[in-house]
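According to our numbering, the stretch in the sequence shown is residues 1 to 644, in order.
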Amino acid sequence: MFKGGSSVFRLAVFGRRFWREIASHWALLLKSCGETGSHCKARWFFLSRRASVFQSEILASAASKKYWDLSNYKPDQIKHSKSLLDKNSNNEVACKKCKKTEIRKTCRRILTPRMEGTSSKAESTLQKSSLDVYTESNKRQHKSTSDSDTVILSVDMESSQDLDSDEDNTPGLDEFSGLSSYERKRLKNISENANFFASLQLSESAARFREMIKKRQPPESKRKKPKKRENGTGCRRSMRLLKVDPSGVSLPATPTQPTLIADENPLLPPGPLEMTPENRDDDSELFKRVLQTWANVSKTSSKNTEKELANIKSYKANLSGMVINEDTVHKVTKGAVFSVALHPSEIRTLVAAGAKSGQVGLWDLTHQSKEDGVYVFQPHSQPVSCLYFSPANPAHILSLSYDGTLRCGDFSRAIFEEVYRDERSSFSSFDFLGEDASTLIVGHWNGTISLVDRRTPGTSYEKLINSSLSKIRTVHVHPVHRQYFITAGLRDIHIYDTRHLNPRRSQPLISLTEHTKSIASAYFSPLTGNRVVTTCADCKLRIFDSSCISSEIPLLTTIRHNTITGRWLTRFQAVWDPKQEDCVIVGSMAHPRRVEIFHETGKQVHSFFGGECLVSVCSINTMHPTRYILAGGNSSGKIHVFMN
Numbered sequence: 001m002f003k004g005g006s007s008v009f010r011l012a013v014f015g016r017r018f019w020r021e022i023a024s025h026w027a028l029l030l031k032s033c034g035e036t037g038s039h040c041k042a043r044w045f046f047l048s049r050r051a052s053v054f055q056s057e058i059l060a061s062a063a064s065k066k067y068w069d070l071s072n073y074k075p076d077q078i079k080h081s082k083s084l085l086d087k088n089s090n091n092e093v094a095c096k097k098c099k100k101t102e103i104r105k106t107c108r109r110i111l112t113p114r115m116e117g118t119s120s121k122a123e124s125t126l127q128k129s130s131l132d133v134y135t136e137s138n139k140r141q142h143k144s145t146s147d148s149d150t151v152i153l154s155v156d157m158e159s160s161q162d163l164d165s166d167e168d169n170t171p172g173l174d175e176f177s178g179l180s181s182y183e184r185k186r187l188k189n190i191s192e193n194a195n196f197f198a199s200l201q202l203s204e205s206a207a208r209f210r211e212m213i214k215k216r217q218p219p220e221s222k223r224k225k226p227k228k229r230e231n232g233t234g235c236r237r238s239m240r241l242l243k244v245d246p247s248g249v250s251l252p253a254t255p256t257q258p259t260l261i262a263d264e265n266p267l268l269p270p271g272p273l274e275m276t277p278e279n280r281d282d283d284s285e286l287f288k289r290v291l292q293t294w295a296n297v298s299k300t301s302s303k304n305t306e307k308e309l310a311n312i313k314s315y316k317a318n319l320s321g322m323v324i325n326e327d328t329v330h331k332v333t334k335g336a337v338f339s340v341a342l343h344p345s346e347i348r349t350l351v352a353a354g355a356k357s358g359q360v361g362l363w364d365l366t367h368q369s370k371e372d373g374v375y376v377f378q379p380h381s382q383p384v385s386c387l388y389f390s391p392a393n394p395a396h397i398l399s400l401s402y403d404g405t406l407r408c409g410d411f412s413r414a415i416f417e418e419v420y421r422d423e424r425s426s427f428s429s430f431d432f433l434g435e436d437a438s439t440l441i442v443g444h445w446n447g448t449i450s451l452v453d454r455r456t457p458g459t460s461y462e463k464l465i466n467s468s469l470s471k472i473r474t475v476h477v478h479p480v481h482r483q484y485f486i487t488a489g490l491r492d493i494h495i496y497d498t499r500h501l502n503p504r505r506s507q508p509l510i511s512l513t514e515h516t517k518s519i520a521s522a523y524f525s526p527l528t529g530n531r532v533v534t535t536c537a538d539c540k541l542r543i544f545d546s547s548c549i550s551s552e553i554p555l556l557t558t559i560r561h562n563t564i565t566g567r568w569l570t571r572f573q574a575v576w577d578p579k580q581e582d583c584v585i586v587g588s589m590a591h592p593r594r595v596e597i598f599h600e601t602g603k604q605v606h607s608f609f610g611g612e613c614l615v616s617v618c619s620i621n622t623m624h625p626t627r628y629i630l631a632g633g634n635s636s637g638k639i640h641v642f643m644n
């Protein structure tokens with residue numbers, strides 16, 4: 001069975017804990033089933049006492065008896081002699097009667113004082129159950145001695161066998177008749193315990209107990225709902241948003257018909273447009289006299305264009321004499337200025353500005369106040385990116401726009417005549433192929449080039465060429481060898497020969513690939529065409545030697561200059577001074593605001609400061625071909641004029 005006293009002690013403690021657990025569960029179940037009074041008290045006391053008796057008897061037996069280890073016991077391996085078996089059976093019969101009486105007396109001595117208040121039914125139940133406990137404890141105390149041939153059985157084990165005289169009559173044990181008495185007794189106890197627990201109906205009691213427990217409900221939110229005010233005044237609301245008249249009368253419902261959204265920049269109708277100023281409502285006769293004056297202005301004498309260049313010292317002195325004042329600053333157009341041109345007249349100072357809004361503004365600064373000298377026209381619906389006075393007839397001003405139209409403003413007839421129209425494309429720049437200004441070359445934003453002849457009827461092109469560039473920003477013709485023209489793309493500069501243009505795909509004569517970022521413009525020098533100036537977003541102005549147009553043209557100078565204008569300013573475009581072709585003019589982002597002039601060697605020649613009259617960036621600038629007059633436009637539509 002068990003070795004040593006420690007095993008017995010552990011058995012006793014375990015048994016006591018087991019029966020006390022049974023007692024606790026009994027009390028809970030009996031209370032839930034409604035059983036109270038003496039029966040409940042008797043059963044609880046019996047189970048509690050049963051645990052104490054079990055522990056005390058086990059410990060008492062362990063102190064006076066020597067246990068035999070049955071951990072490796074196998075009935076088939078042990079052979080007993082016949083005499084030994086007979087002796088054991090005789091001892092068993094002899095001890096039955098005496099031990100039966102002794103065990104009953106012991107149980108009464110232990111249990112009777114505790115059971116005085118119980119009923120007769122509870123007392124009989126306790127007595128029978130205590131005997132069963134005693135039997136269960138004694139059946140584990142079986143021992144034998146190895147020195148003598150006698151097997152000494154525990155007195156408690158023998159008495160427990162005598163108490164249950166109906167052991168052989170237990171149903172289900174006949175088929176185990178070949179087992180020893182200990183094994184048969186163990187099986188009997190297992191069967192009785194199973195029947196006992198089945199009679200308790202624990203599963204039914206547990207089911208009833210679970211039904212008594214209320215199902216857990218989700219906790220209610222502690223946040224209190226705001227109480228609605230029945231008669232309280234509500235919060236203030238805008239009657240305009242509620243569409244209620246201030247007097248309290250509801251406004252009529254708005255119509256549900258869909259409204260058509262008008263195009264922000266509708267394309268103007270084809271054909272000539274009247275030259276009617278938008279900023280003038282009356283004095284049509286006065287405006288006609290002004291137009292006649294502009295038409296009668298003679299163009300610049302050819303003698304002045306053929307004179308030799310001035311030296312740098314005298315040129316600087318003349319630039320220093322150019323000033324700006326409040327009378328030479330005025331807002332000419334609504335939107336940002338995209339292009340500026342100066343009339344070549346030596347008598348009158350007439351400035352033209354092309355705006356982002358499609359307007360063309362003319363400002364006459366001769367003998368008039370600045371308010372009376374400004375006339376604004378609307379020949380285009382989108383930005384005017386290029387603007388020139390005709391070199392053959394200064395009474396004509398040609399304007400090109402993103403809307404795909406090229407128009408000529410004729411002062412003598414007071415109309416804007418349509419020269420070229422292509423609604424499927426957007427124009428970026430143009431220039432005159434001949435000195436008589438009859439043929440034009442037009443650059444498109446999609447990379448194509450158009451050749452236009454103003455002498456032919458209609459508003460279509462004469463030839464359409466696909467260039468090797470994806471986009472074209474500027475187009476400029478060589479001033480001497482007019483068969484050459486230069487185009488500025490996104491990252492490359494190409495020079496073409498009009499005599500070798502292929503409508504399908506034209507290859508350039510020269511490609512300049514030194515630029516690392518987006519290019520804004522590229523122009524030949526105005527008198528000889530021996531230099532090319534380019535403006536790039538990498539903050540550099542580059543000057544190339546184009547005196548010999550061959551397979552390549554060398555780079556002469558790189559000028560560091562801030563060309564990052566941002567989103568809201570027009571991009572810088574460095575242009576040549578028509579009087580001094582070795583000097584370029586460009587706007588500046590530096591403070592205080594200024595317009596700078598650089599020599600082709602990279603040295604700064606002059607900076608135009610305006611003080612309070614020049615507080616913005618002049619992105620687009622131009623110089624008069626013969627006079628020392630500089631006109632610059634900013635992104636708000638203002639024109640700043642520096643002059644002697």
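Don't be surprised by glycine CBs; every beta carbon is placed ideally from N, CA and C.
Is A437 helix, strand or coil by DSSP? Residue mapping note: residue 437 aligns to position 437 of the sequence shown, counting from 1. When DSSP states are grouped into helix, strand and coil, A437 belongs to the coil group.
Could you check which residue in E514, P592, D577 and P272 has the C-alpha nearest to that of L319? Your numbering for residue 319 matches position 319 in the sequence shown. It is D577 whose Cα lies nearest to the Cα of L319.
T622 and L342: beta carbons closer than 8 Å? Within the sequence shown, numbered from 1, the residue matching residue 622 stands at position 622. Within the sequence shown, numbered from 1, the residue matching residue 342 stands at position 342. Yes, Cβ-Cβ distance for T622 and L342 is below 8 Å.
Which value, in whole angstroms, describes the spacing of the CA atoms of P369 and N325? As a working mapping, residue 369 is identified with position 369 in the sequence shown. As a working mapping, residue 325 is identified with position 325 in the sequence shown. In the sequence on display, residue 369 carries Ser and not Pro. Roughly 13 Å separates the two Cα atoms.
Identify the residues that DSSP records as bridge partners of Q604: which are they? The residue you call residue 604 lines up with position 604 of the sequence shown. Residue pairing from DSSP places Q604 in a beta bridge opposite F598.
Sub-8 Å separation of S429 and R473 beta-carbons: Against the sequence shown, residue 429 aligns to sequence position 429. Against the sequence shown, residue 473 aligns to sequence position 473. Yes, Cβ-Cβ distance for S429 and R473 is below 8 Å.
If we cut at 8 Å on Cβ distances, does G178 have a partner in chain D? The structure shown contains no chain D; it is built from a single protein chain.
Please name the residue, chosen from L202, S425 and H500, that lies closest to S460 on a Cα-to-Cα basis. Within the sequence shown, the letter at position 460 stands for residue 460. Checked all of L202, S425 and H500; the closest Cα to S460 is S425.
According to the Cβ coordinates, are Y496 and V452 closer than 8 Å? If you number the sequence shown from 1, residue 496 lands on position 496. If you number the sequence shown from 1, residue 452 lands on position 452. Cβ distance not < 8 Å, so Y496 and V452 don't count as in contact.
Whose C-beta lies closer than 6 Å to the C-beta of L630 among residues of the same chain, with five residues either side of it excluded? Walking along the sequence shown from the start, residue 630 turns up at place 630. Only M623 and F642 meet the Cβ criterion.
Less than 8 Å between the CB atoms is what I'm expecting for P383 and F411, so what's the real figure, rounded? Taking the first residue of the sequence shown as 1, we reach residue 383 at position 383. Taking the first residue of the sequence shown as 1, we reach residue 411 at position 411. 23 Å between Cβ atoms; not a contact.
Ordered along the chain, which non-local residues of its own chain (more than five positions away) have a Cβ less than 6 Å from that of E581? What you label residue 581 is simply residue 581 of the sequence shown in a count that begins at 1. Take E581, set aside five residues on each side of it, and the residues of its chain with a beta-carbon closer than 6 Å to its own are S525, P526 and L527, in chain order.
Determine the closest residue to V376 out of F416, S180 and S616, with distance taken between C-alpha atoms. For the purposes of this step, residue 376 is identified with residue 376 of the sequence shown, where counting begins at 1. Minimum Cα distance to V376 is reached at F416.
Tell me the DSSP secondary structure of L286 in three-state form. Sequence index remark: in the sequence shown, residue 286 carries index 286 (1-based). Here L286 sits in helix by DSSP.
Have a look at S154 and F209 and give me their C-alpha separation to the nearest angstrom. Indexing the sequence shown from 1 puts residue 154 at position 154. Indexing the sequence shown from 1 puts residue 209 at position 209. Reliability of the predicted coordinates at S154 is poor, the pLDDT of 38 falling under 50, and the value obtained from them is presented with this limitation in mind. So the alpha carbons of these two residues sit roughly 44 Å apart.
Spatial neighbours of K540 within its chain, please: CB distance less than 6 Å, with the 5 preceding and 5 following residues excluded, ordered by chain position. The residue labelled residue 540 in the question sits at position 540 within the sequence shown. Excluding residues within five positions, the ones whose Cβ falls inside 6 Å are T558.
Just tell me which of V340, E346 and I347 has its CA closest to the CA of A353. In the sequence shown, residue 353 corresponds to position 353, counting from 1. The option with the nearest alpha carbon to A353 is V340.
Simplified DSSP state of A353, which is helix, strand or coil: Taking the first residue of the sequence shown as position 1, residue 353 is located at position 353. Reduced to three states, the DSSP call for A353 is strand.
Using only the heavy atoms of the ligand MN, determine whether one of them is closer than 7 Å to the beta carbon of H640. For the structure depicted, the ligand MN is absent and the ligand set is empty, with no information on it obtainable.
For the beta strand (DSSP E) that M643 lies in, which residues bound it at each end? Sequence index remark: in the sequence shown, residue 643 carries index 643 (1-based). Boundaries of the beta strand (DSSP E) harbouring M643: K638 to M643, taken from the DSSP string.
Quick check: I465 and I510, are their CB atoms within less than 8 Å of each other? Counting from 1 along the sequence shown, the entry for residue 465 is found at position 465. Counting from 1 along the sequence shown, the entry for residue 510 is found at position 510. Not a contact, by the Cβ cut-off of 8 Å.
Following the continuous beta strand (DSSP E) through K463, name the residue where it begins and the one where it ends. Along the sequence shown, read from residue 1 onward, the residue named residue 463 stands at position 463. From DSSP, the beta strand (DSSP E) with K463 extends over K463 to N466.
For D431 and F389, what's the separation of their Cα atoms in angstroms? For this step, residue 431 is matched to residue 431 along the sequence shown. For this step, residue 389 is matched to residue 389 along the sequence shown. So the two alpha carbons sit approximately 11 Å from each other.
Collapsed DSSP secondary structure at A206 in the structure displayed: The residue you call residue 206 lines up with position 206 of the sequence shown. In the structure shown, A206 sits in a helix (DSSP, three-state: H, G or I).
One question on the structure: do I553 and V532 come within less than 8 Å of each other, judged by their Cβ atoms? Numbered from its first residue, the sequence shown carries residue 553 at position 553. Numbered from its first residue, the sequence shown carries residue 532 at position 532. In this structure, V532 lies closer than 8 Å to I553 by Cβ.
Which class does W568 belong to by DSSP, given the choice of helix, strand or coil? Residue 568 sits at position 568 when you count from the first residue of the sequence shown. Note: W568 maps to coil in three-state DSSP.
Mind checking Q359: buried by the 16 CB within 10 Å criterion, or exposed? Within the sequence shown, residue 359 is the residue found at index 359, counting from 1. Q359 is buried by the Cβ-count criterion.
Assign R593 to one of two classes, buried (16 or more other C-beta atoms within 10 Å of its C-beta) or exposed (fewer than that). In the sequence shown, residue 593 corresponds to position 593, counting from 1. Classification for R593: buried.
Where V480 and Q507 are concerned, what is the direct C-alpha to C-alpha distance, given to the nearest angstrom? As a working mapping, residue 480 is identified with position 480 in the sequence shown. As a working mapping, residue 507 is identified with position 507 in the sequence shown. The C-alpha of V480 lies about 22 Å from the C-alpha of Q507.
Residue closest to N446, alpha-carbon to alpha-carbon, out of G458, L469 and T456: For the purposes of this step, residue 446 is taken as residue 446 along the sequence shown, with counting starting at 1. When each option's Cα is compared against that of N446, the closest is L469.
Candidates Q378, E274 and R627: which alpha carbon is nearest L267's? Translated into positions along the sequence shown, residue 267 becomes position 267. Among Q378, E274 and R627, the Cα nearest to that of L267 is on Q378.
Exposed or buried, which one is C408 when buried takes at least 16 other CB atoms within 10 Å? As a working mapping, residue 408 is identified with position 408 in the sequence shown. When all chains shown are included, C408 counts as buried.
Between K185, I397, K225 and N189, which lies nearest to V351 when the distance is taken from Cα to Cα? In the sequence shown, residue 351 corresponds to position 351, counting from 1. Of K185, I397, K225 and N189, the residue nearest in Cα terms is I397.
Please state the DSSP three-state secondary structure of N634. Sequence index remark: in the sequence shown, residue 634 carries index 634 (1-based). Three-state DSSP puts N634 in coil, outside helix and strand.
CB-CB under 7 Å to I647, same chain, minus the five flanking residues each way: which ones, in chain order? Residue 647 is absent from the structure shown; the chain starts at 1 and stops at 644.
Kindly indicate which three-state DSSP category A198 falls into: helix, strand or coil? Counted from its first residue, the sequence shown places residue 198 at position 198. A198 falls in the helix class under three-state DSSP.
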